[in-house]
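Participant: My numbering applies: residue 4 is where the sequence shown begins, and numbers increase by one. Every residue, glycine too, gets a C-beta built ideally from N, C-alpha and C. It should be emphasised that the depicted structure is a prediction, and the values quoted were computed from it without experimental measurement. My structure is below; once you've seen it, I'll send some questions.
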Amino acid sequence: MARAGPARAGRGWRAVGFGVLGLLSGCAAPTSGLRASAADEKLPPVLERLRKAYPDLQHGTFVALATFESPKELELFRVESPTGETTGRAQPALNLLRARDQTGAGSLAARLAQPGDRLTLNARFSRSLAIPADWRPYALMLASYYAPPNGQALEFGIESGGDRPARWQRTLRLAAGWNLVRQDLAEVGDAIDLANVRAVTWSAIDADTADLVLDDLVLADNTAELLKRGDAPDALYAFRQGRRTHIGAAARFELAFSGGGISYWSDGAAPGNLALRTGLGPWPTPLPERWDAAAFPPAYDDPAHYADWGAVVEATTDVAELSAFRAVVVGEWRFGPVNARPAPRHTWRYTIYADGRVYVRVTSDPAGARWTAPHVGYALAVDGRRGFARVMPLRAASEAAPAWALLARSAEGRADLLCAPSRGELARRQLFAVTRDDDRTALLIGDAPAEGTVDAAFMLRVWPPDIDGPPEAESHAADYQFPAELSLQSGRLVRDASGDLDGDGFNESEGLYELEAVQHRVRFVFDPKSRVRHAPLFRVRGISVNRAWVYVEGRVREADDRDADGSLLFTLGRAISAPVQVEVYGQP
């Protein structure tokens, strides 16, 4: 995980491109500063090898910082002390014995022989080479690292200059052999000025000395459209940029997923991230007794919470399903050592709909390790400078009353954040905390017993922007926590679907009612039971992949939305407050 580092001052990089003709004049010409585009049919051999080797270079433009096919590129690198001293230190050399075979014959080898030494890339070291100082056109930094048999831990940092020098840094935990590290530059840009990048540094962690082997340092714009953006707000769009997958609905919201969770949230009304770059949540948080009455609120992001689980050695984000109707994103944090099996892990499964509903199932599996506290709660974290305020329920929590947590913004048209756990008791104890600098606002809810694997499901609403008070919050939460009644005349209610945590036929993890057709037909009465039901969602198994139709009170429409397994998905598409007859037919 990334963390902010100390700020440092320095001069900006010179943003001058190196001519492509230099590369063509000989195989040993430096590539630093060479740019290419996915639209280029013919590239110099070095850049063509890069494009073929790395999928991220097959969309948009990219620029090589260094490929280590020329000794000249070593001018950009130095081994130095934390204060910049180079005396008595062996300087980097080309390594012709170990390189990424797909991209060339050389790599950089550097020896960090003294405690605190670091390898630095900085354009001011060279009088003849230049690399871009403005990284804003790029979404990703690629770098290949070779680690020894026992692996290697490095501190990787990027610094910006200008009027407000700053530094971003993260820990790299490398497995033995070659490792490709894809660093999302949007994350870096939250901490430094990407318009004036000054230096890149590497240093050893947990060791006084280290041998570094690097290859193929590249900046890339890998933006790729996954679902076409249209004007219709009831359809999702999606694109990939950097390590983030962006999913949104026009004029409603946009979410970006990376590092296992939601790292960006926008309502389209104003620029900027409503969430934190470290993520929105819900974050599982071990909690002591009487946690909501403590003088100092528990820190949801304290690494000590999972000290017995090991370090986070892998954070992944995968798109499991994607259509205009809905998207399913799975995030995971796996704890280490690197090769531990089974390994402790947190898993988040997000299901996103175009009307602003985001359902998430959070599974925390210690895999035999112990919990560090008797309870588990969940934290939501937002940017404290965006005007969020906690809204309190008007009535006391009870088994008959919906339980919810709401962070609202009073300005008209600005998004609010509603969270309703599927089990109401998970929101009956709450704690609201703001950092001293107002940068972060967190709402902690709970709790569940910290025993073995802990499973919880939630509904988040990031749209519409008028969930500003208790009446609106209670209506949406009640719809989720107290499902409607379905009286079936044909077909059956599915009670064993993955994600239906209580086996009642309503899948809390995906926000829909689970049905199975008999002879390609389902018929039922949907009874809202004296509550307003907000555009109910359904999944029907057993409907052929041919055409299908949904009748609501006799009015028919064709349904063609399917999940990843081919089951039919549909919504009633409006608020329901009285019983309605629903029929679904599939063409055999």
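Just the C-alpha distance for residue 338 and residue 502, rounded to the nearest angstrom, thanks.
Facilitator: For residue 338 and residue 502, the distance between alpha carbons rounds to 24 Å.
Participant: In this structure, how does DSSP classify residue 321 when only helix, strand and coil are distinguished?
Facilitator: Reduced to three states, the DSSP call for residue 321 is strand.
Participant: Alpha carbon to alpha carbon, what distance is there between residue 309 and residue 128?
Facilitator: Approximately 42 Å, taken between the alpha carbons.
Participant: Using DSSP's beta-bridge definition, name the partner residues of residue 586.
Facilitator: 526, 554, per the DSSP bridge assignment.
Participant: Is residue 581 buried or exposed, if buried means 16 or more other CB atoms sit within 10 Å of its CB?
Facilitator: Counting Cβ neighbours within 10 Å, residue 581 comes out exposed, since fewer than 16 surround it.
Participant: Using a 10 Å radius around the Cβ and a threshold of 16 neighbouring Cβ atoms, would you call residue 95 buried or exposed?
Facilitator: Buried.
Participant: Over the uninterrupted beta strand (DSSP E) stretch that includes residue 148, give me the two end residues.
Facilitator: Note, residue 148: beta strand (DSSP E), 143-150.
Participant: Secondary structure at residue 44, three-state DSSP: helix, strand or coil?
Facilitator: Residue 44: coil per DSSP, three-state reduction.
Participant: Taking all protein chains shown into account, decide if residue 68 is buried (16 or more other Cβ within 10 angstroms of its Cβ) or exposed.
Facilitator: By the neighbour-count rule (16 or more Cβ atoms within 10 Å), residue 68 is buried.
Participant: Residue 385 to residue 530, Cα distance in whole Å?
Facilitator: Taking the straight line from one Cα to the other gives about 37 Å.
Participant: For residue 206, does the three-state DSSP call read helix, strand or coil?
Facilitator: Strand, per DSSP.
Participant: Near residue 495, what residues of its chain come up, given a Cβ to Cβ distance below 8 Å and the 5 sequence neighbours on each side ignored?
Facilitator: Same-chain partners within the cutoff: 518, 519, 521.
Participant: Got a sec, what are the start and stop residues for the beta strand (DSSP E) residue 83 sits in?
Facilitator: First-last of the beta strand (DSSP E) with residue 83: 80-83.
Participant: Express the C-alpha separation of residue 468 and residue 269 in angstroms, rounding to a whole number.
Facilitator: Rounded to whole angstroms, residue 269 to residue 468 spans 12 Å at the Cα level.
Participant: Of the choices 579, 543, 525, 550, whose alpha-carbon is the least far from that of residue 568?
Facilitator: Selected option, being the one with the closest Cα: 543.
Participant: For residue 390, collect the residues of the same chain with a Cβ closer than 8 Å to its Cβ; drop the 5 residues on either side in sequence, then sort them by chain order.
Facilitator: Closer than 8 Å at Cβ, skipping near neighbours: 412, 413, 414, 417.
Participant: Can you find the residues in the same chain that come closer than 7 Å, C-beta to C-beta, to residue 635, ignoring five residues on each side of it along the sequence?
Facilitator: Residue 635 is absent from the model: the chain starts at 4 and stops at 591.
Participant: Can you give me the C-alpha to C-alpha distance between residue 493 and residue 527, rounded to a whole angstrom?
Facilitator: Those two C-alpha atoms are separated by around 7 Å.
Participant: Got a sec, what are the start and stop residues for the beta strand (DSSP E) residue 450 sits in?
Facilitator: Taken as a continuous stretch (DSSP letters only), the beta strand (DSSP E) holding residue 450 covers 443-452.
Participant: Considering residue 394, what are the terminal residues of the beta strand (DSSP E) in which it resides?
Facilitator: It spans 392-394 - the beta strand (DSSP E) in which residue 394 sits, taken as one unbroken run.
Participant: Per DSSP, residue 182 forms a beta bridge with which residues?
Facilitator: Looking at the DSSP assignment, residue 182 forms a beta bridge with 148.
Participant: Determine the burial state of residue 100: buried for a count of at least 16 other Cβ atoms within 10 Å of its Cβ, exposed for fewer.
Facilitator: The residue is exposed, with fewer than 16 neighbouring Cβ atoms inside 10 Å.
Participant: Residues in the same chain with beta-carbon distance under 6 Å from residue 556, minus the five sequence neighbours each way, listed in chain order, please.
Facilitator: 583, 584, listed in sequence order.
Participant: Any idea which residues DSSP pairs residue 537 with across the strands?
Facilitator: Note: residue 537 sits in a beta bridge opposite 578.
Participant: Distance, Cα to Cα, residue 146 vs residue 314?
Facilitator: So the alpha carbons of these two residues sit roughly 22 Å apart.
Participant: If we require 3 or more residues per run, which beta strand (DSSP E) segments fall completely within the region 266-309?
Facilitator: Those beta strand (DSSP E) runs which fall completely within the region 266-309 and span 3+ residues are 286-290.
Participant: Residue 428 by DSSP, collapsed to three states: which one?
Facilitator: Residue state, collapsed to three classes: helix.
Participant: Less than 9 Å between CB atoms is the rule here; does residue 409 satisfy it with respect to chain E?
Facilitator: As a matter of chain content, chain E is missing from the structure shown, which is built from one protein chain.
Participant: Output yes or no for whether 9 Å exceeds the beta carbon distance between residue 249 and residue 243.
Facilitator: Yes, they are a contact pair.
Participant: Count the other CB atoms within 10 Å of the CB of residue 484; is the residue buried (16 or more) or exposed (fewer)?
Facilitator: With 16 or more other Cβ atoms within 10 Å, it is buried.
Participant: What would DSSP say about residue 24, mapped onto helix, strand or coil?
Facilitator: Residue placement at residue 24 is flagged as unreliable, the pLDDT there being 28, under the threshold of 50; a coordinate-derived value is accordingly withheld.
Participant: So, using beta-carbon positions, are residue 470 and residue 409 closer together than 9 Å?
Facilitator: Yes.
Participant: Which value, in whole angstroms, describes the spacing of the CA atoms of residue 21 and residue 135?
Facilitator: Because the pLDDT at residue 21 is just 29, under 50, the model does not fix this residue reliably, and the value given afterwards should be weighed accordingly. Taking the straight line from one Cα to the other gives about 10 Å.
Participant: Which ranges does the beta strand (DSSP E) cover as unbroken runs of at least 3 residues, wholly within the region 449-503, from first to last along the chain?
Facilitator: Here the runs fully enclosed are 457-464, 488-493.
Participant: Would you say the region 294-302 touches the region 444-452, given that touching needs at least three Cβ pairs under 8 Å?
Facilitator: Yes, the region 294-302 touches the region 444-452.
Participant: Buried or exposed for residue 275, going by 16 or more other Cβ atoms inside 10 Å?
Facilitator: Label assigned to residue 275: exposed.
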